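Residues 1 to 478 in UniProt numbering are what the sequence shown lists, from first letter to last. We treat Cβ as the ideally placed atom computed from N, Cα and C, and that holds for glycine. Nothing here was measured: the structure is a model prediction, and the numbers come from that model. Okay, so here's the structure we're looking at.
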Amino acid sequence: MSQPSLPPHHQPSHQPPQPQGVRRPPSRGRRSKPALKLIAGGVLAAALVSGCGSGDDDGGGENGGSSKGAQAKTLGKVAMPKVGKEANTMGTWVTDSTFVKGDVNKLVGYSLDGAKSKWRIPLGGQLCWASPHMTKDGLTAIVFRNGAGEDASCTKVGLVDLKKGKLVWQKEGSDSEGNAGVEFDEVTIGGGTVAAGGTDGGGAWSLDGKPLWKPAYLADCDDNGYAGGDDKLVAIRGCDSEDSSTERLEVQTVDPRTRDVKSSYKLDEKVEYAHVISTAPLVVAVDTGDSDGGSGVTDILTIDDSGKQGKLLSTIDVLAKGYQPDCRATNVEGCTQLALDKASSTLYLSSEVDVDHGGPGERISGLDLKTGKETGKTKMAESRSLIPIQTDDDGSLIAYLGSMYSEAGGVVRVDPKSFAMDTLQTHPDDMKDVESDMDTYGDCVMIYTGKKLYIGDSKAERPTADSKARPLAVVFGA
């Protein structure tokens, strides 16, 4: 099947990707940030997820909303654990009764206001990856190290019951020759299957812990990773090319129980990395090697996977338009700074704007996934970040308005037709430095649900003279 060519500026530069967690240095008037951790489906309490971001200028923000909204309080804070060196603390979830946060070598469940711990799950090793997906029963998947020492590896796959505070099971995978202890880079859950992938191979288990399948070994071909959510599972398959130093990548919608290929779409040979934003609809972010500032994205593709051969529906030229999605290096999932409304097939992306008067700021644009064309955009939030979180039931967009030196952050609602903004809540002024520090020095995830904003840091590190002692997590609410 012949493939549409990518825009002419997308020639691979063969520059190595930035490692996970590396971010662009902040420029005057804004701070670069991670953002939305997209949940594709099966989420309790309709959790809305984003990432930290805040401006750092003294300028005003009159375009940040039509009113101050409800004045939120700081309901709870989780202290940053004391560590000798940086430690991974991925994992931020909210069920109907519990706020769950990844910590150093453990998961901890808190009351919904974040003020009281309810339970903890010791893991014996650091978290390596935490799936943002959660089933209706409150199940999710993690990868963690097989020990606490420096030489411990990310070989353990676990199914976690976030409602009961229980590690249901832990498993290790094996390679095509039967050798145990395969290292995994990430894990997902979808269609009743837990699927883990990485450069050493992949594996899948049912929710009751039964091994389902391992990717069939084919010369020069591997499963780079998987994306889940609801009833679907998508694999990114890479095969070495004889005339190129990079893999030829294929997007495969597979049967979660058997891994039989239901639909496949071969990406342009210029694509070096592929990341799945959503499995339904199937939306894939690709990098041809010249992505801006290590964002990992040059184009966003919408693919019709209803037939055996997938069809390209639209392409969004991220690089040319200056949009700011952010995908983690070589990982298949984990793209941030975007939101998707499935009912209207609209993708929301932020972009940085610089003007002659008032300094820089950000705005959010809506894009039709069927055509790739822009449907509208907000006014610029002057000297502040403006990050998509997720759409509400009525199709309106929920977004985070970043803090600045003179004012704390907040949550806004964006009308999907007029793109006018109304402020839902503003945060206490005495927390604006905490928000800014978590953005600048942390790697944060946000969840907005039940009129509360949860901010969780995905890493723990020693305080410095600049970063001081930020919390590992904080909860704002009325």
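Contacts around residue i, its chain only, beta-carbon distance under 7 Å, and the 5 residues preceding and following it disregarded
i: Y448; result: L48, I389, I398, V411
i: D415; result: S396
i: S467; result: D437, Y441
i: G124; result: N105, G147, A148
i: G138; result: L44, T95, D161, L162, K163
Anticipated Cβ contact below 8 Å, residue i with residue j, distance rounded
i: L162; j: T193; result: At roughly 18 Å, the Cβ-Cβ gap does not stay under 8 Å, so L162 and T193 are not in contact.
i: G229; j: G190; result: 5 Å
i: D305; j: Y265; result: 7 Å
i: A204; j: R259; result: 7 Å
i: residue 497; j: G201; result: The requested residue 497 does not occur in the structure, where the chain is confined to residues 1 to 478.
i: T74; j: F476; result: 6 Å
Same chain only: Cβ atoms within 8 Å of residue i, ignoring 5 sequence neighbours per side
i: P8; result: Because the pLDDT of P8 is 39, which lies under 50, any placement of that residue in the model is unreliable, and the question is left without a value.
i: V283; result: V276, I277, I300, L301, T302, I303, L340, L347, L369
i: K470; result: The displayed chain sequence assigns Arg, not Lys, to residue 470. M80, V434, D437, M438, Y441, G442, D457, P463.
i: G209; result: L159, V168, W169, K171
i: G310; result: V251, T253, S263, S264, Y265, L282, I303, D304
Own chain partners of residue i with C-beta closer than 6 Å, once the 5 adjacent residues on each side are dropped
i: E362; result: S350, E352, A381, S385, L386
i: A130; result: M90, G91, G102, I142
i: S403; result: S54, G409, K432, E435, S436
i: Q425; result: G69, A70, A72, G410, V411
i: A473; result: V78, K101, G456
i: T315; result: D299, L301, G372
i: E461; result: E86
i: C327; result: H275, A285, G296, V297, C335
Limits of the alpha helix (DSSP H) - the one that residue i falls within
i: K432; result: 432-441
i: L319; result: 318-321
N- and C-terminal bounds of the beta strand (DSSP E) containing residue i
i: H275; result: 273-279
i: K452; result: 452-457
i: V143; result: 139-144
i: C128; result: 127-130
i: Y448; result: 444-449
i: L424; result: 421-426
i: D304; result: 299-304
i: A399; result: 397-401
i: Q390; result: 386-391
i: G84; result: Taken as a continuous stretch (DSSP letters only), G84 belongs to no beta strand (DSSP E), as it is neither H nor E.
i: A72; result: Where A72 is concerned, there is no enclosing beta strand (DSSP E), given that its DSSP letter is neither H nor E.
i: S351; result: 346-353
i: Y265; result: 261-266
i: V108; result: 106-110
i: V284; result: 282-287
i: G114; result: No beta strand (DSSP E) contains G114, which DSSP labels as neither H nor E.
i: residue 502; result: This structure gives no information on residue 502, because the portion of the chain shown stretches from 1 to 478.
i: residue 528; result: Lying outside 1 to 478, the shown extent of the chain, residue 528 is not represented and no answer is given.
i: E150; result: Run containing E150: none; DSSP gives neither H nor E here.
Quick check: the stretch 107-114 against the stretch 67-84, are there 3 or more CB pairs under 8 Å? yes
Should the stretch 275-294 be called in touch with the stretch 221-233, which here means at least 3 C-beta pairs below 8 Å? yes
Pairs of beta-carbons, one from the stretch 328-342 and one from the stretch 371-380, closer than 8 Å: are there three or more? no
3 or more residues per run - each beta strand (DSSP E) lying fully within the stretch 170-251: 186-190, 193-197, 203-206, 211-213, 221-227, 233-240
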